[in-house]
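Here the numbering used here runs 1396 ahead of the position in the sequence shown, where the first position is 1.
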Amino acid sequence: MDFIGSDSDALELRPGLVFGAVDRLPRHDTRVRTDVACLLRVRRSAAPFGEDEELELQRAFVQQLPGSPDGAECQFTLRYRRMARWEEEQFAGEYRTRHPALARMYFRNGGSDLHLIDLSFYVPPFDPSQLEGAEAELDPVELAEQREAAAILHFHLWALERLDDFGDGVINQVVLPELWTCQVHLLPRLWALVAGFCRASGNRFFVASGAPPLSVLQQEERLRARAEGFELSDDELTVQALVPWYRAERWQRREDVPVEVALTLDALAASRAILARQEVTLSSIGVYWPWVQDLKGMLVPPTAAVSGVFARSDDENGPVGVMKPPANEEVKGILDLAQHIDEQPTNMLQREAVNLLHTRVGKGVVVWGARTLCEDPTWRFVNVRRLIGYIGKQIEFDNQWAVFESNDESLRQRVARDVRYFLKDLWEKGALQGEIPSEAFVVVCNNENNPQSVIDAGTLVVDVWVNPVQTNEFVHLKLTYGDEVVD
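Quick look at the structure:
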């Protein structure tokens, strides 16, 4: 569902809601939630699954798979869990993975509703004798990397598209803690993939992390090598981890900063290049760095903890707590930052809108930023992006009362009245700025944006302009309800 745009670039909702009559004001005690997170992990299995797997063995046909001109069937297993509090027994047998540490951090920092999706897939080997054209000339190792990359992208998208099935439509924070450890050179494409998904769904936000310490990348390569029967030295592991990253000419080679900072800056530049014509999509990502040590000394990304901070801040700051920037907030359950860097690389990261975690005397570790990757001033701040997502989703939710009603003047007046009622409530709570309501929001739902062609198509259009805090201009939300989208 896509309903977010700037004043100059309004976007439309996908159709799907039809209106009917209930002659009453909406009840705002039932609010769209902003505090529900999902930890999504997608991993490749080095060996095929047996039929006696603990989890149900499933299969998916991947069409565009290098090495298989006609596609190939891949095995996968899926585990889904939903937690309302920390339960250690949920993670029996998983203590060498990061998932327990991440879930614990989420709840320590104020989270109260966590969905965990763990997908593991196996890609069958290709038959060299069946290769044709350019693929036949490729080095088999490089072709295998391309094959794995295509499967990684496929299964990430597959899982994202099913979040509503798993989470009943309430998931609004997306955390993918293993992105840096699958195929590191794929990270910009994965960031763009997840950001595009979050923007299209309207109110979801992608909490991403910068690069892990080099030792984490080395360890992941060591595990891969051992699974395939190899032992590599530390230097060989470093080469194995970073050569794919720098193989493409677009990657910069920075020798004046720590490698982890260089990798983060490269990922930001590449992601922005991929989304160069979709600037607003970058507002769906917030990047946090550095990685942290949990209380047991395990190195983990800060993203689950930050997601918990989002939930705590939303809860502690009133009924519209999402309007407050989740910055200068304590991050609990952390032993230390994984890295401490000098002023120069710190400034480089801050200029690129990376939200840093800092240690502050008397406060411990705090989140020291609330920036998205978007350079447009309207979409620069995490709280503005999340507030607009909440507004659009709440308007959609409130107006489900109007199912099957025909698009006439009476309906349009009632819908406009209900939307104004909701926005006036937000203005009174300080989420929208302006001395008077007309300076805070505008709602249009009349024959101007619902001409006869729209009515004949069975569609209702509602145009909303809001003036959120921390912005200097109105943001336009164009909501289209019905069976067809009308240009």
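For glycine and all other residues, C-beta sits at the position ideal for the given N, C-alpha and C. These numbers were taken from a predicted model, which means no experiment stands behind them.
- When the beta-carbon positions are compared, D1710 and V1718 come within less than 8 Å of each other.
- Looking at the backbone, the Cα of P1686 and that of L1753 are separated by about 7 Å.
- The distance from the Cβ of V1688 to that of A1658 is about 20 Å, inconsistent with a contact at the 8 Å cut-off.
- Judged by beta-carbon spacing, V1850 lies beyond the 8 Å limit of T1699, meaning their Cβ atoms are not closer than that value.
- Q1674 carries a coil assignment under DSSP once its states are collapsed to helix, strand and coil.
- For W1764, there is no enclosing beta strand (DSSP E), as DSSP marks it with neither H nor E.
- Per DSSP, the unbroken beta strand (DSSP E) holding G1878 starts and ends at V1871 to G1878.
- Leaving aside the five residues that flank L1583 on each side, the residues in its chain whose CB is nearer than 7 Å to its CB run, in chain order, L1575, W1576 and A1663.
- Collapsing the DSSP output to three states places E1528 in coil.
- Taking C-alpha positions only, I1730 is separated from V1761 by approximately 7 Å.
- Judged by their CB atoms, V1858 and C1841 are nearer to each other than the 8 Å cut-off.
- D1466 and D1535 have their C-alpha atoms spaced approximately 20 Å apart.
- Rounded to the nearest angstrom, the gap between the Cα atoms of R1543 and F1551 is 13 Å.
- Nearest Cα to W1823 within the set A1836, A1812, D1814 and R1813: A1836.
- By DSSP's assignment, S1516 forms a beta bridge with R1439 and T1473.
- Residue pairing for N1751: DSSP places it in a beta bridge opposite Y1684.
- Judged by their CB atoms, Y1476 and G1704 are not nearer to each other than the 8 Å cut-off.
- When S1629, D1564, G1682 and Y1518 are compared, the shortest CA-CA separation from V1432 is found for D1564.
- In this structure, V1612 and L1510 do not form a Cβ contact; the two beta carbons are roughly 23 Å apart against a cut-off of 8 Å.
- Rounded to whole angstroms, the separation of the alpha carbons of G1785 and A1701 is 21 Å.
- The beta carbons of F1522 and S1597 sit no closer together than 8 Å.
- Cβ contact annotation for L1572 (same chain, cutoff 6 Å, sequence separation greater than five): L1436, in chain order.
- Beyond the five residues adjoining it in sequence on each side, Q1459 comes within less than 7 Å, by CB distance, of G1467 in the same chain, given in chain order.
- Ranking N1505, P1520, F1487 and F1445 by CA distance to the CA of F1457 puts P1520 first.
- When the beta-carbon positions are compared, S1441 and S1525 stay at least 8 Å from each other.
- L1610 is the residue among V1566, L1610 and R1622 whose C-alpha sits nearest the C-alpha of D1631.
- Beyond the five residues adjoining it in sequence on each side, R1595 comes within less than 6 Å, by CB distance, of T1677 and S1680 in the same chain, given in chain order.
- For G1758, the three-state secondary structure derived from DSSP is coil.
- By alpha-carbon distance to P1608, the top candidate from E1450, H1872, R1494 and D1772 is R1494.
- At a Cβ-Cβ threshold of 8 Å, I1791 and V1716 do not count as neighbours.
- For a cut-off of 8 Å, the C-beta gap from S1802 to V1683 is around 47 Å, too long to register as a contact.
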